[in-house]
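Here the protein sequences line up with chains C and E, keeping their order.
If you're matching positions, the first sequence starts at 9 in my numbering and goes up one per residue.
If you're matching positions, the second sequence starts at 9 in my numbering and goes up one per residue.
Heads up, the beta-carbon is just placed ideally off N, CA and C, and yes, glycines get one too.
Predicted, not measured: the structure shown is a model, and the values here were computed from it.
2 protein chains.
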Amino acid sequence: MSVRERKERERAGRHRLIVATARELAETQGWDAVTTRRLAERIEYSQPVLYSHFRGRKEIVGAVALEGFAELADALRAAARSGPAGRDAVTATAGAYVDFAARNPALYDAMFSLDNGLPFADDATPAPLREAFEALVEPLAGHAQPAEPGLFVETFWAALHGLVTLTRGGRLPAGRADDRLALLVDRFVPHGAR
Amino acid sequence: MSVRERKERERAGRHRLIVATARELAETQGWDAVTTRRLAERIEYSQPVLYSHFRGRKEIVGAVALEGFAELADALRAAARSGPAGRDAVTATAGAYVDFAARNPALYDAMFSLDNGLPFADDATPAPLREAFEALVEPLAGHAQPAEPGLFVETFWAALHGLVTLTRGGRLPAGRADDRLALLVDRFVPHGAR
DNA sequence: TTGAATGTCTAGCACTGCTAGAATTCGAGC
DNA sequence: GCTCGAATTCTAGCAGTGCTAGACATTCAA
Numbered sequence: 009m010s011v012r013e014r015k016e017r018e019r020a021g022r023h024r025l026i027v028a029t030a031r032e033l034a035e036t037q038g039w040d041a042v043t044t045r046r047l048a049e050r051i052e053y054s055q056p057v058l059y060s061h062f063r064g065r066k067e068i069v070g071a072v073a074l075e076g077f078a079e080l081a082d083a084l085r086a087a088a089r090s091g092p093a094g095r096d097a098v099t100a101t102a103g104a105y106v107d108f109a110a111r112n113p114a115l116y117d118a119m120f121s122l123d124n125g126l127p128f129a130d131d132a133t134p135a136p137l138r139e140a141f142e143a144l145v146e147p148l149a150g151h152a153q154p155a156e157p158g159l160f161v162e163t164f165w166a167a168l169h170g171l172v173t174l175t176r177g178g179r180l181p182a183g184r185a186d187d188r189l190a191l192l193v194d195r196f197v198p199h200g201a202r
Numbered sequence: 009m010s011v012r013e014r015k016e017r018e019r020a021g022r023h024r025l026i027v028a029t030a031r032e033l034a035e036t037q038g039w040d041a042v043t044t045r046r047l048a049e050r051i052e053y054s055q056p057v058l059y060s061h062f063r064g065r066k067e068i069v070g071a072v073a074l075e076g077f078a079e080l081a082d083a084l085r086a087a088a089r090s091g092p093a094g095r096d097a098v099t100a101t102a103g104a105y106v107d108f109a110a111r112n113p114a115l116y117d118a119m120f121s122l123d124n125g126l127p128f129a130d131d132a133t134p135a136p137l138r139e140a141f142e143a144l145v146e147p148l149a150g151h152a153q154p155a156e157p158g159l160f161v162e163t164f165w166a167a168l169h170g171l172v173t174l175t176r177g178g179r180l181p182a183g184r185a186d187d188r189l190a191l192l193v194d195r196f197v198p199h200g201a202r
């Protein structure tokens, strides 16, 4: 049944094409520009084809977001692994997080701001989500001090996310973003900690 | 020219009616349900009337957001004024912020998540925005320690915002939201501070 | 009472996500 | 190699969106 396999391969390829095209369109023109018609035109198929791969627009956003979580996990792990340990690892990881958001704004939106239908703190949470969170836990958990590591990392993550979204939405002056990040790290992992 | 005055009064009343209706519709059915048609039907006028008051949907969101900033400023001031000073004032203020967001989710979205066209860190920033931020500065600035008060308050605010949005979006388990808030306050204003 | 200005509405444009059913393509069996 | 049936893809359309041009009504001043 090689024919069946070939068809499945082609189908998988088209699946990836849709996700990649949606992502590129979102990154260059914003998620508002990612309409089913435009997307269909770009992949050179009609709209209904999209619905044979995804339940609807939201699920496409979710697929892009999933890619994002995998890449974010990589970026965080790379930052933590790149050398420094202890407090410096936290600084590097936080910096990598903010950089990731700055470099992939639309991707970040798909992951955290838009409704992507992905289950988060849930049994069904996809592996890439868990891995991205784990990549945050590793350098941070040791500094939780009296607090529970889980809560500590969640709170730190939320703070990072707040900085990212408010800065990018123009709610905070962009000029001193680095200083705010340094301040945040300093409050969660004070100088002098090992 | 009493006729002119009456007309202006009526017009102002209708303006308020639009904002109030949009807010109520958003709070009960979400911002997606706030369409120009539905809004027009509720206020018992045709859609074009909306455009004689606002440039477009975005400006209506902005008007609702502006109400929100005034109310947030009130809520924060009330919390800080309600008794405690020093560290307790920070706890009370942070709690009031989170409560405000939980009690008025759609309003909070209009203020911080949706595109409302309001200028933030800008010369033209409307007074209610400034006042809300000032209400955060007052109890917090004293604890900035070596950091600049402005940066300190901005970062704390961002952290609060991150907690609020991630919790409400289901990205963080809702159960331990209070613990995360306590942890955050503890990191920014450690126990033993005066 | 008329004229003009102000106000409001009807109707419509170009777009959205999504889908029913027609049309086509393609591989399996003869 | 040819035909038939199934899988796939497309055309066409629905009900909804934000927004607006131009027709219509109302209201006030002369």
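Check	Outcome
Establish whether the CB of glutamate 142(E) and some CB of chain C are separated by less than 8 Å.	no
Grab the span of the alpha helix (DSSP H) containing leucine 74(E) for me, first residue to last.	65-89
Helix or strand or just coil, what does DSSP make of glutamine 153(C)?	coil
Just the C-alpha distance for alanine 102(C) and tyrosine 116(E), rounded to the nearest angstrom, thanks.	26 Å
Are there 16 or more other CB atoms within 10 angstroms of the CB of glycine 76(C), so buried, or fewer, so exposed?	buried
Identify, in the order they occur along the chain, each residue of the same chain with its Cβ nearer than 7 Å to the Cβ of methionine 9(E), setting aside the five sequence neighbours on each side.	Residue placement at methionine 9(E) cannot be trusted, given a pLDDT of 48 that sits under 50; what the coordinates show is reported in the next sentence. So no residue of the chain qualifies.
So that I know if they touch, is there some Cβ in chain C lying closer than 8 Å to that of threonine 99(E)?	no
Keeping to the same chain, check which residues put their C-beta closer than 7 Å to that of alanine 97(E); ignore five residues upstream and five downstream.	Ala88, Pro147
Quick one: what does DSSP say proline 92(E) is sitting in, helix, strand or coil?	coil
Under a three-way DSSP split, which group does threonine 133(C) fall into?	coil
Taking only beta-carbon positions, decide if threonine 133(C) is within less than 8 Å of chain E.	no
Counting only C-beta atoms, is alanine 28(C) closer than 8 Å to chain E at any point?	no
Taking phenylalanine 60(E) as part of the alpha helix (DSSP H), name the residues at either end of that continuous run.	The question names phenylalanine, yet the displayed sequence has serine at residue 60(E). Start and end: 55-61.
Given that proline 181(C) touches chain E, what residues does it touch there, using C-beta distances under 7 Å?	Ala129
Are alanine 166(C) and leucine 47(E) touching if we call contact CB-CB under 8 Å?	no
Using the rule of at least 16 other Cβ atoms within 10 Å of the residue's Cβ for burial, across every protein chain shown, is glutamate 18(E) buried or exposed?	exposed
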